[in-house]
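Worksheet for the structure shown next.
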Amino acid sequence: MPYKSYDHNCPCASNLVFVEICPECHNQGELTGWGLSVVENWCLYVRKTGFGPFGSHRHLLDILFYEYWEYCPDCDGVGVIDADNNLGYGNCLKCDHKGGFYTGESRDWNRMIYEVISAYPDSIGGAYQEEYKEIYKKYKYELENPKPVITNEDIANSHNRNGGGIFDVK
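Residue 398 in our numbering sits at position 152 of the sequence shown, with consecutive numbering throughout.
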């Protein structure tokens, strides 16, 4: 469950971000926004990337993923905002509760999935298994079978060698 996060400039340096008043020196903390538990942060990571939150793949994935990640200014990257309800918070609708936006193109996203799965095949998060395996297969096929690039000059040269035709290029 998200919690209100506080910044304490205490002489005792307790660093308790989830309490409004420091239990040691009783200084009032400054509200900084919302925070998530460790488990909620793991879930947020899976929602953002589609990969598990821990494992050998994390270093490679973080390099490829965060190159194109922009934190949401409305929720400060947490995915939770203030709301007028009995909980006091709600999901950030601007970023779909992900804490930000992937700004790369679909080719960048597919390349990331391909590279991470190539190196760490068992790293995909549960709900993304089928989708990411399909992206992986498609991307791999495209790498192994590139589409030939045919220019107008190639067509013209072919027609000249073969006596021309109805598709002559001028």
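Beta carbons: idealized from backbone N, C-alpha and C, even for Gly.
Nearest to residue i (by Cα), restricted to the options the options
i, options, result
"S302", "D354, R353, Y312, A365", "A365"
"E286", "T278, V324, Q274, E316", "V324"
"N257", "V265, H272, P248", "Per the sequence shown, the amino acid found at residue 257 is Pro instead of Asn. The candidate whose alpha carbon is nearest that of P257 is H272."
"F300", "Y374, D368, L282", "D368"
"M358", "E376, Y382, N398", "Y382"
"S352", "Y314, N331, A329", "Y314"
"M247", "N398, W288, I401, C268", "W288"
"L389", "Y312, N356, L333", "N356"
Sub-8 Å separation of residue i and residue j beta-carbons
i, j, result
"G371", "G279", "no"
"I363", "Y374", "no"
"L290", "G350", "no"
"R293", "H254", "no"
"K393", "Y360", "no"
"V284", "G275", "no"
"L277", "K250", "yes"
First through last residue of the alpha helix (DSSP H) which encompasses residue i
i, result
"E286", "284-295"
Cutoff 7 Å; reference residue i; Cβ partners in own chain excluding five residues on either side
i, result
"I327", "D320, C321, Y335, G336, C338"
"I396", "none"
"D354", "Y314"
"Y252", "V263, V265, E266, G275, E276, L277, T278"
"D308", "none"
Where the beta strand (DSSP E) containing residue i begins and where it ends
i, result
"T226", "In the structure displayed, the chain extends from 247 to 416; residue 226 sits before or after that span and is not available."
"K250", "249-253"
Same chain, Cβ closer than 8 Å to residue i, neighbours up to 5 away in sequence not counted
i, result
"C318", "G325, C338, K340, C341, K344, G345, G346, F347"
"L306", "E361, V362, A365, Y366"
"E376", "none"
Cut-off 6 Å between Cβ atoms - residues of its own chain near residue i, not counting five sequence neighbours on either side
i, result
"I329", "Looking at the sequence itself, residue 329 is Ala, so the reference to Ile does not match. Cβ neighbours of A329 beyond the five flanking positions: Y335, G336."
Secondary structure, beta strand (DSSP E): runs of 3+ residues fully inside the region 313-377 = Those beta strand (DSSP E) runs which fall completely within the region 313-377 and span 3+ residues are 315-317, 326-328, 335-337, 346-348.
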